[in-house]
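Protein chains in written order, with the UniProt record's numbering: chain A, 1 to 202; chain B, 1 to 202; chain C, 1 to 330; chain D, 1 to 330.
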Ligand SMILES: Nc1ncnc2c1ncn2[C@@H]1O[C@H](COP(=O)(O)OP(=O)(O)O)[C@@H](O)[C@H]1O
Ligand SMILES: Nc1ncnc2c1ncn2[C@@H]1O[C@H](COP(=O)(O)OP(=O)(O)O)[C@@H](O)[C@H]1O
Ligand SMILES: [Mg+2]
Ligand SMILES: [Mg+2]
Ligand SMILES: [Mg+2]
Ligand SMILES: [Mg+2]
């Protein structure tokens with residue numbers, strides 16, 4: 001289900017969402033962080049698309065590795081190394097695969113979600129991007145086939161689930177109770193990543 | 001006409017006007033200067049009154065000298081040395097006089113106005129306190145007797161005459177044409193000095 | 001948003017250019033990076049690298065110079081620099097005796113510096129890392145990511161820099177840095193928020209009669225909002241909080257930083273310093289040295305932070321060593 | 001008005017207290033005055049006194065130190081200090097070889113320093129005075145009081161200070177100061193006004209999209225109001241005005257100050273510096289040294305000024321001499 005073309009499309013779409021929602025993501029980060037998440041993500045994904053356009057790839061893994069390295073070196077902040085790690089793990093999980101099917105992606109996303117948690121010393125319920133990645137992985141594994149609309153819906157619910165949470169990781173944790181009632185910016189950007197994945201899978 | 005008691009009253013009244021109009025004088029200075037004239041004058045005259053209360057004097061000249069020295073050391077800015085000079089010249093002009101009559105005051109004010117002009121290298125028409133002092137001196141000399149109401153009126157007119165002037169001395173001169181249309185702050189504080197003089201002469 | 005900038009997305013590039021030009025004799029910009037390095041490294045010395053998001057000027061590049069840092073990595077506004085850039089800085093300062101990374105305790109900084117360290121170790125460069133966490137406004141517990149690093153970081157740069165310049169080993173330099181981290185505490189307040197250029201809007205709103213206590217250095221709101229109080233009341237509250245948290249008692253000796261957040265006139269910082277002094281004297285805590293100025297800012301935020309470092313003979317000696325860093329000549 | 005102060009009428013008293021406490025090893029406050037003096041004067045040296053209203057911090061006390069001023073007289077906010085205070089400063093620094101007063105060209109400062117000089121001469125102290133007038137925004141003609149003194153004053157302090165420290169006579173020190181005054185030109189701009197504490201209200205109003213060019217350092221409006229432009233456009237306009245007024249041409253060499261007015265982040269000053277550099281290079285004017293920071297502020301005004309000093313070997317030598325002044329360590 002993931003091909004060189006579809007990963008390319010995925011990143012182009014993800015970039016479109018990041019650019020469109022740059023101000024929105026930054027506003028979310030204004031509420032419970034330091035007002036840069038939209039700026040970071042839009043800068044990072046713009047560079048990803050640029051990088052993919054300038055290069056040619058033999059397999060999906062190599063392509064995802066470039067996505068990872070670009071995010072790592074262009075996003076900065078907390079989200080840069082975390083998204084970098086996620087895509088690096090995803091790339092490693094699908095290494096050597098001719099075709100990347102539903103189960104390969106499941107394994108890849110699983111590795112990615114675990115990578116984020118290890119790097120961030122975080123787990124679910126802490127009001128971070130993990131609260132989108134972890135439930136998506138669980139859900140993905142349960143499906144026989146991925147329904148694009150369901151994937152989008154699931155990711156959206158996961159993002160929204162961060163709203164009532166109290167942050168204990170990342171900058172938002174400084175606010176303690178005051179972090180309640182706002183969607184986590186990283187959860188929102190993760191939602192856009194899965195929403196665009198859903199769209200290329202549809 | 002000037003006695004130890006009346007000079008004391010003059011300064012008390014002048015101080016009252018400076019305190020009451022501290023904000024007004026500062027606003028005038030905000031328009032064409034650096035927003036401190038009311039602050040400077042209220043600080044200075046408050047100290048004058050304090051000084052006179054704490055001291056006792058044998059003659060008017062000694063008292064006026066203390067007024068001068070206090071203004072000199074407490075007002076600061078351009079107006080401090082100028083008012084200091086004015087009262088010092090007035091003090092010197094009435095030195096040794098048992099009684100200080102209308103003509104003595106005329107000579108004293110004349111010396112004061114000239115002292116200000118020398119110190120400030122200024123003349124009439126430059127939108128400064130000189131535009132109050134100089135016409136008052138001329139008018140004073142022409143009178144047989146000083147009518148208090150006329151004195152106040154004359155001082156007010158003189159103050160208002162600065163409104164259409166273009167400043168060529170003091171900070172207001174930086175504004176060139178833009179200084180037109182505002183009363184000069186020093187002209188306004190000089191008006192209060194003559195208004196209180198008029199009141200003690202009444 | 002009123003700023004003297006060109007394109008908001010290019011502020012870092014434009015800043016780094018003007019910054020290096022202003023200090024050409026002392027600094028060089030490592031090619032293709034936003035790493036500012038001392039032009040001449042002291043022969044054989046342990047390398048010292050710090051850095052973080054921009055918007056804290058003079059931090060961190062201002063502390064690059066003989067006696068303090070060897071390199072600073074300049075991130076985007078309030079955004080940790082990336083591992084590749086930090087790695088370049090490490091390579092640019094390593095002379096074979098290892099490199100110490102001085103990192104402020106923010107998830108982003110910690111993660112990026114950590115990854116850079118891993119890249120360097122993979123190339124055989126010995127790297128150690130210390131995490132500065134002086135801000136007592138944030139509680140340090142197992143359920144949080146711990147206290148933030150703010151202006152107290154300057155003392156870590158100074159002490160580690162002096163130690164390294166003396167020819168100490170990586171472990172010794174790290175120990176000196178950790179000793180400072182152990183003994184330094186800070187707390188800040190703000191009268192106004194600030195605006196990240198590319199965000200275009202202030203990070204929070206404060207009414208004319210409100211202030212925030214316990215702010216960080218990234219334009220984030222503080223831990224407590226209050227009616228604005230007098231300089232004395234504010235200084236007393238912050239100082240006594242720090243004294244309590246640090247467990248300072250009569251007979252102790254401290255070094256003090258009164259740090260402006262960006263737009264607070266020095267006049268106000270000096271007024272605050274008078275009150276901090278009064279309270280320390282009252283508690284019989286003596287003052288070794290006082291630094292008043294802008295050391296770790298938050299763009300054009302109005303406010304200040306107070307830092308107290310408990311000193312002993314060893315620390316006093318390190319503070320007394322010369323420094324040629326533009327922002328901390330000593 | 002949001003300020004970290006106590007009673008607005010006491011800001012100077014409170015500030016001077018905190019200021020002297022912060023610099024106890026280097027400074028003393030002459031008893032009963034607001035005069036800040038070097039603790040140890042260099043034996044037999046010509047005395048150097050400057051000063052002016054407050055609100056310009058670090059000016060002027062920040063320039064008191066070996067290699068710069070011997071004393072600074074601290075006036076009320078934006079108000080020249082009075083003759084009696086200046087006289088005390090003169091007495092406190094005179095060692096029999098005379099005293100030079102460095103005065104900025106404002107009626108208030110000129111009158112008060114002049115009167116203080118008269119008081120000193122009456123007591124047999126030799127006093128000379130120089131008047132700094134570097135601000136090209138104000139035209140110098142017979143019908144005005146002439147150009148104002150702004151951030152270029154720092155170079156006068158530096159050069160005169162170095163000359164005096166070398167043991168030069170009063171006339172020689174005065175000549176060095178006058179040479180700088182002859183060759184230094186500045187111009188400033190503002191994005192926001194500032195508020196004198198005791199006035200409580202901003203000195204003028206600027207819309208979100210407006211700026212003022214040709215502002216002074218007392219919160220006064222500038223000579224021209226414009227729509228806000230890019231950093232490059234603003235820097236280019238000010239720089240080319242100064243180059244023209246100073247008659248600088250290809251082959252000349254200058255020292256540069258990019259001076260923040262109070263609340264402008266260093267980031268923006270550095271961005272400006274990049275553009276100033278570009279223009280100077282384009283005009284083949286070489287840059288000897290660049291100073292970026294807050295040197296002569298106007299409370300919390302946002303904006304900056306550019307100063308260009310045409311240098312020759314003599315001036316370069318004086319700029320290179322050491323200075324221990326807190327705000328200008330060199
Ligand atoms: N320890 C962590 N584990 C997982 N995700 C985290 C962690 N810390 C922060 N994040 C995510 O990163 C997002 C913030 O990213 P960003 O604003 O780009 O970085 P920064 O916080 O450094 O400014 C948060 O909203 C959160 O989702
Ligand atoms: N050269 C001068 N001659 C006479 N009066 C002057 C001169 N310069 C300034 N003034 C007067 O001083 C007033 C300003 O006083 P003030 O605001 O206290 O001092 P500063 O201008 O130093 O802030 C002006 O309004 C003007 O009347
Ligand atoms: Mg953020
Ligand atoms: Mg004034
Ligand atoms: Mg950030
Ligand atoms: Mg004034």
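For every residue, glycine included, the Cβ atom is placed at its ideal position computed from N, Cα and C.
Same chain, Cβ closer than 6 Å to residue i, neighbours up to 5 away in sequence not counted
i	result
residue 263(C)	300 and 302
residue 202(D)	193 and 195
residue 51(D)	60, 72, 73 and 81
residue 122(B)	128, 130 and 169
residue 132(C)	104, 149, 153, 156 and 181
residue 175(B)	32
Residue interval of the beta strand (DSSP E) (run including residue i)
i	result
residue 304(C)	303-310
residue 211(D)	210-213
Residue i to residue j span [Cα, whole Å]
i	j	result
residue 204(D)	residue 8(A)	55 Å
residue 102(D)	residue 150(C)	39 Å
residue 106(D)	residue 189(A)	57 Å
residue 321(D)	residue 160(D)	11 Å
residue 12(C)	residue 224(C)	32 Å
residue 94(D)	residue 49(D)	10 Å
residue 23(D)	residue 323(C)	18 Å
residue 273(C)	residue 21(D)	8 Å
residue 327(D)	residue 162(D)	15 Å
residue 226(D)	residue 200(C)	21 Å
residue 276(D)	residue 16(C)	14 Å
7 Å Cβ shell around residue i - same chain, five flanking residues per side excluded
i	result
residue 67(B)	11, 48 and 87
residue 296(C)	56, 59, 150, 151, 153, 154, 217 and 259
residue 65(A)	88 and 91
residue 76(C)	12, 53 and 54
Whether residue i touches residue j by CB criterion (8 Å)
i	j	result
residue 73(C)	residue 86(C)	yes
residue 133(B)	residue 149(B)	no
residue 135(D)	residue 54(D)	no
residue 93(A)	residue 170(A)	no
residue 267(D)	residue 190(D)	no
residue 92(D)	residue 173(D)	no
Residue i, DSSP secondary structure in three states
i	result
residue 71(D)	strand
residue 95(C)	coil
residue 224(C)	strand
residue 193(C)	coil
residue 129(D)	strand
residue 172(D)	helix
residue 8(D)	helix
residue 89(B)	helix
residue 275(D)	helix
residue 266(D)	helix
residue 100(C)	strand
Contact set for residue i: own chain, Cβ-Cβ below 8 Å, skip 5 residues either direction
i	result
residue 252(D)	285, 286 and 310
residue 319(C)	155, 158, 159, 162, 255, 288, 289, 311 and 330
residue 5(C)	11, 14 and 197
Limits of the unbroken alpha helix (DSSP H) element including residue i
i	result
residue 144(D)	Element bounds for residue 144(D): n/a, residue is neither H nor E.
residue 237(D)	231-246
residue 13(D)	11-22
residue 108(A)	102-120
residue 42(C)	Element bounds for residue 42(C): n/a, residue is neither H nor E.
Residue-level contact to chain G via CB, residue i, 8 Å cutoff
i	result
residue 22(D)	The chain labelled as chain G is not found among the protein chains of the depicted structure, namely A, B, C and D.
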